[in-house]
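Written below as structure tokens is the structure these notes are about.
There are 2 protein chains.
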Amino acid sequence: MTTANDARTRLVESMADLLWERGYVGTSPSAVLNRAGVGQGSLYHHFTGKADLAVAGIHRNADTLTQAAREALDGPGTAYERLERFLLRDRDVLRGCRIGRMTQDPDVFTDDLLRQPVAEALAGVRKTIAAVIEQGQARGEFVRGLAPDDLAATILSTLQGGYVLARAELDEQQFHAAVRGLLALLRGSVTAP
Amino acid sequence: MTTANDARTRLVESMADLLWERGYVGTSPSAVLNRAGVGQGSLYHHFTGKADLAVAGIHRNADTLTQAAREALDGPGTAYERLERFLLRDRDVLRGCRIGRMTQDPDVFTDDLLRQPVAEALAGVRKTIAAVIEQGQARGEFVRGLAPDDLAATILSTLQGGYVLARAELDEQQFHAAVRGLLALLRGSVTAP
DNA sequence: GTCTATAGCCTGATAGAC
DNA sequence: GTCTATCAGGCTATAGAC
Numbered sequence: 001m002t003t004a005n006d007a008r009t010r011l012v013e014s015m016a017d018l019l020w021e022r023g024y025v026g027t028s029p030s031a032v033l034n035r036a037g038v039g040q041g042s043l044y045h046h047f048t049g050k051a052d053l054a055v056a057g058i059h060r061n062a063d064t065l066t067q068a069a070r071e072a073l074d075g076p077g078t079a080y081e082r083l084e085r086f087l088l089r090d091r092d093v094l095r096g097c098r099i100g101r102m103t104q105d106p107d108v109f110t111d112d113l114l115r116q117p118v119a120e121a122l123a124g125v126r127k128t129i130a131a132v133i134e135q136g137q138a139r140g141e142f143v144r145g146l147a148p149d150d151l152a153a154t155i156l157s158t159l160q161g162g163y164v165l166a167r168a169e170l171d172e173q174q175f176h177a178a179v180r181g182l183l184a185l186l187r188g189s190v191t192a193p
Numbered sequence: 001m002t003t004a005n006d007a008r009t010r011l012v013e014s015m016a017d018l019l020w021e022r023g024y025v026g027t028s029p030s031a032v033l034n035r036a037g038v039g040q041g042s043l044y045h046h047f048t049g050k051a052d053l054a055v056a057g058i059h060r061n062a063d064t065l066t067q068a069a070r071e072a073l074d075g076p077g078t079a080y081e082r083l084e085r086f087l088l089r090d091r092d093v094l095r096g097c098r099i100g101r102m103t104q105d106p107d108v109f110t111d112d113l114l115r116q117p118v119a120e121a122l123a124g125v126r127k128t129i130a131a132v133i134e135q136g137q138a139r140g141e142f143v144r145g146l147a148p149d150d151l152a153a154t155i156l157s158t159l160q161g162g163y164v165l166a167r168a169e170l171d172e173q174q175f176h177a178a179v180r181g182l183l184a185l186l187r188g189s190v191t192a193p
């Protein structure tokens with residue numbers, strides 16, 4: 001077993017942070033080593049190279065994302081309340097999404113080993129959202145005409161795109177405006193009590 | 001004046017394409033030179049360096065985006081029809097947005113000269129969408145309770161985020177699902193004739 | 001397991017010929 | 001204006017000591 005602060009763990013955590021901040025092509029192994037405070041020997045002992053360490057880093061970020069989404073969506077309340085809690089939860093907006101960002105990285109996009117954990121994480125969140133909508137429809141809280149899968153894609157896209165707008169203009173409010181607009185549209189789909 | 005096929009133009013076009021494909025940190029000057037078919041002398045004669053050429057490339061991509069958005073949004077039809085035409089226009093989904101992608105590039109995000117044309121392009125499209133919604137509300141085609149600026153941010157975010165989901169899963173349908181969900185929500189906000 | 005030293009290649013930019 | 005030659009420095013990986 002490993003302790004929580006061994007070199008391997010420090011490498012994965014440092015890589016995960018740098019992937020979020022700078023992406024894969026923008027992150028060099030030496031930058032990871034500096035942040036982790038270990039030498040090159042540790043990196044190439046535990047991993048075959050940069051890509052291998054990045055896979056571990058992406059998995060770590062994916063777990064963080066999946067966990068946070070589940071916490072917001074799995075709690076009590078009506079379908080609308082659960083979606084609202086998910087959409088309004090505290091976020092470091094200008095840092096963007098640690099997983100969504102990976103899709104814009106040319107080397108991640110073209111390497112299945114790097115892209116797959118990204119795909120799984122986003123598909124998982126999407127399906128969790130769709131399940132909440134289906135439950136809402138079954139309970140009569142949500143109009144039935146809307147396809148849960150489509151709506152789930154819309155909701156997750158609004159978040160991912162909200163980060164894009166906010167980062168473009170260095171203005172968190174663009175993210176919050178997109179969420180407000182979506183919530184207003186969703187309220188129109190809540191069936192009257 | 002310059003002809004349409006001189007070295008300067010070829011450099012800007014090549015940089016614009018590579019920025020779309022690989023982003024700023026993922027694009028080297030030599031890759032641009034190879035694609036443009038010119039030598040280094042041309043680059044450093046017309047531009048001060050990589051960043052300077054990238055500013056020109058981003059401006060070129062921004063113009064393309066702004067032009068395409070205006071064409072879809074400025075035509076005839078009700079507000080909903082114009083938004084639908086904009087949302088459903090032909091796109092090379094898996095290539096993503098040539099401007100939105102820039103927001104994930106660490107060096108673009110932290111350099112105002114590179115980020116500003118990105119901010120202006122997305123803000124311009126956002127405002128054009130908001131104007132369509134305002135017109136629709138004034139004509140009684142759209143419910144008035146919705147804030148045009150918020151809704152415009154939601155619409156543009158859905159597109160930007162749709163690209164993210166599609167690229168993550170290598171599946172255009174994720175983009176189209178997000179658009180379908182948004183259009184369904186928007187239809188609920190169209191006032192009956 | 002972790003370190004330092006080393007290697008070959010690429011990056012971004014400059015110099016100077018034409 | 002455009003070319004080729006050249007440069008210092010960083011990138012990713014390997015070697016071998018401890």
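Chains as they are written, first to last, in UniProt numbering: chain C, 1 to 193; chain R, 1 to 193. Here a beta-carbon is modelled for each residue, glycine too, at the ideal position from N, C-alpha and C. Remember, it's a predicted structure, so these values are computed and weren't measured experimentally.
Contact check, residue i vs residue j, beta carbons under 8 Å
| i | j | result |
| --- | --- | --- |
| R:Pro-117 | R:Ile-133 | no |
| C:Leu-183 | C:Ile-129 | no |
| R:Thr-78 | R:Glu-141 | yes |
| C:Arg-10 | C:Gly-37 | yes |
| R:Pro-106 | C:Glu-21 | yes |
| R:Thr-64 | R:Val-125 | no |
| C:Leu-114 | C:Leu-156 | no |
| C:Gly-26 | R:Val-25 | yes |
| R:Leu-87 | R:Val-179 | yes |
| R:Cys-97 | R:Gln-160 | yes |
Chain C contact for residue i (CB, 8 Å cutoff)
| i | result |
| --- | --- |
| R:Leu-156 | yes |
| R:Ala-69 | no |
| R:Thr-103 | yes |
| R:Ala-72 | no |
| R:Leu-185 | yes |
| R:Arg-95 | no |
| R:Arg-98 | no |
| R:Leu-19 | no |
| R:Val-164 | yes |
| R:Val-190 | no |
Residues of its chain near residue i, where Cβ-Cβ distance is below 6 Å and the 5 sequence neighbours each way are ignored
| i | result |
| --- | --- |
| C:Met-1 | For C:Met-1, the pLDDT reaches just 49, beneath the cut-off of 50, and the residue's location in the model is therefore unreliable, although a value from the coordinates is still provided. None. |
| R:Val-93 | Ala-166, Glu-172 and Phe-175 |
| C:Arg-60 | Val-12 and Ala-16 |
| R:Phe-47 | Leu-53 |
| R:Arg-89 | Ala-72 |
| C:Val-108 | Tyr-24, Met-102, Leu-114 and Arg-115 |
| R:Gln-137 | Arg-144 |
| R:Ser-42 | Ala-7 |
Bridge partner(s) assigned by DSSP for residue i
| i | result |
| --- | --- |
| R:His-142 | Strictly speaking, residue 142 of chain R in this sequence is Phe, with His absent from that position. For R:Phe-142, which the question treats as bridged, DSSP gives the partners R:Val-190. |
Closer than 8 Å to chain R by CB, residue i
| i | result |
| --- | --- |
| C:Ala-123 | yes |
| C:Arg-144 | no |
| C:Gln-137 | no |
| C:Ala-131 | no |
| C:Met-1 | With a pLDDT of 49 at C:Met-1, under the threshold of 50, the predicted position of this residue should be treated as unreliable, and no value is reported. |
| C:Leu-182 | yes |
| C:Asp-150 | yes |
| C:Glu-84 | no |
| C:Arg-91 | no |
Residue i beta carbon near the ligand GDP (any heavy atom closer than 7 Å)
| i | result |
| --- | --- |
| R:Gln-135 | Absence of the ligand GDP is noted for the structure shown, with no ligands found whatsoever. |
Beta-carbon proximity list for residue i, same chain, < 7 Å, skipping 5 on both sides
| i | result |
| --- | --- |
| R:Leu-186 | Tyr-80 and Leu-83 |
| C:Thr-191 | Gly-140, Glu-141, Phe-142 and Val-143 |
Contacting residues, own chain, Cβ-Cβ under 8 Å from residue i (five flanking each side not counted)
| i | result |
| --- | --- |
| R:Ala-62 | Ile-99, Pro-117, Val-118, Glu-120 and Ala-121 |
- Task: Go through the stretch 77-121 of chain C residue by residue and report every complete run of the beta strand (DSSP E) that reaches 3 residues or more, in order.
- Result: none
- Contiguous alpha helix (DSSP H) assignments of at least 4 residues, all confined to the UniProt domain "HTH tetR-type" (5-65) of chain R: 7-22, 29-36 and 40-46
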